[in-house]
Amino acid sequence: MSAGFLIALEGIDGSGKTTQAKLLVKWLRGRGFDAYYTYEPTRGIFGRILRSMAYKRGVDPRMEALLFAADRLQHLEHVIEPLLARGLIVVSDRYLHSSLAYQSVTTGDQGWVEELNRFARRPDLGIYLDLGASESLSRLRKRRRSRFEDEDFLEHVRRKYLEYVDEGELIKVNAEKPVAEVFSEIALIVERALKGGR
Ligand code: TMP
Numbered sequence: 003m004s005a006g007f008l009i010a011l012e013g014i015d016g017s018g019k020t021t022q023a024k025l026l027v028k029w030l031r032g033r034g035f036d037a038y039y040t041y042e043p044t045r046g047i048f049g050r051i052l053r054s055m056a057y058k059r060g061v062d063p064r065m066e067a068l069l070f071a072a073d074r075l076q077h078l079e080h081v082i083e084p085l086l087a088r089g090l091i092v093v094s095d096r097y098l099h100s101s102l103a104y105q106s107v108t109t110g111d112q113g114w115v116e117e118l119n120r121f122a123r124r125p126d127l128g129i130y131l132d133l134g135a136s137e138s139l140s141r142l143r144k145r146r147r148s149r150f151e152d153e154d155f156l157e158h159v160r161r162k163y164l165e166y167v168d169e170g171e172l173i174k175v176n177a178e179k180p181v182a183e184v185f186s187e188i189a190l191i192v193e194r195a196l197k198g199g200r
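Residue numbers for the sequence shown follow our numbering, beginning at 3 and rising by one.
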């Protein structure tokens, strides 16, 4: 058991995860905690392959699921676990549930995706930023879209995330609200979790 605390921020593209994860790290540091921001896909070897595949057509979703799982194990071994062992609070912008949601949809085999990711520990706290797919796409309109940025697809991914909310693995926050309001909700959830009341 590691001494630190792993917080994962999840959501479909455009839900504001990166902004909120960085605000959270700043807020935690301001309260005297040692906190660290990290993200997936990583800048490691598998993450780089995944990013280079994001705009290509005809990629086998099973192969991609394997790469996301490999990237995660590398992330855990080289970044997350050592920081947790030093007692830090690690805030990851996407983690395990990104695969459980996205790859369950792309491969159509949630059980297999769960199995592939069996060696990735669950986060201590998983926060899901909920946003409708059409709102997500209108936020992303201005930039080039990857294969993952299609309305039907994102709505399916959203439903998968909501299943994990229903199972109590993720806590849902409405991400359609202004950034500051979303953040104060996140801060409350984190405060409660750190006091042991998750
Ligand atoms: P990003 O836009 O947050 O950098 O993520 C890149 C894309 O990778 C995003 O569309 C979601 C996708 N993704 C997965 O499909 N599975 C995963 O396990 C992760 C970490 C990301």
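We put the beta carbon where it would ideally sit given N, CA and C, even for glycine.
Closest to residue i by C-alpha separation, out of the options, would be which residue?
{"i": "A195", "options": "E12, G128, R161 and D152", "result": "G128"}
{"i": "V192", "options": "F150, Q22 and S17", "result": "Q22"}
{"i": "D126", "options": "E157, S136, D168 and I82", "result": "I82"}
{"i": "A189", "options": "K24, G16 and G6", "result": "K24"}
{"i": "P43", "options": "G6, A87 and Y104", "result": "Y104"}
{"i": "F121", "options": "H99, D152, L75 and R141", "result": "L75"}
{"i": "V175", "options": "D168, A182, E187 and V181", "result": "E187"}
Span of the alpha helix (DSSP H) holding residue i?
{"i": "A87", "result": "E83 to A87"}
Using a threshold of 6 Å, is the CB atom of residue i nearer than that to any non-hydrogen atom of ligand 1?
{"i": "F70", "result": "yes"}
{"i": "Y104", "result": "yes"}
{"i": "P1", "result": "This structure gives no information on residue 1, because the portion of the chain shown stretches from 3 to 200."}
{"i": "S101", "result": "yes"}
{"i": "F121", "result": "no"}
{"i": "Y48", "result": "The question names Tyr, yet the displayed sequence has Phe at residue 48. It does not: the Cβ of F48 is nowhere closer than 6 Å to a heavy atom of ligand 1."}
{"i": "F185", "result": "no"}
Beta strand (DSSP E) containing residue i: first to last residue?
{"i": "A10", "result": "F7 to G13"}
{"i": "K174", "result": "I173 to N176"}
**Asked** Should the region 28 to 39 be called in touch with the region 113 to 125, which here means at least 3 C-beta pairs below 8 Å?
**Response** no
**the region 8 to 22 in contact with the region 85 to 99 per 3-pair CB rule at 8 Å** = yes
**Request:** Pick out the complete alpha helix (DSSP H) segments inside the region 42 to 100, 4 residues or longer, and give them in chain order.
**Result:** 47 to 55, 63 to 77 and 83 to 87
**Message:** For the pair the region 39 to 53 and the region 160 to 173, tell me if three or more CB-CB distances fall below 8 Å.
**Reply:** no
**Prompt:** Which residue spans inside the region 116 to 165 form an unbroken beta strand (DSSP E) run of at least 3?
**Reply:** 127 to 132
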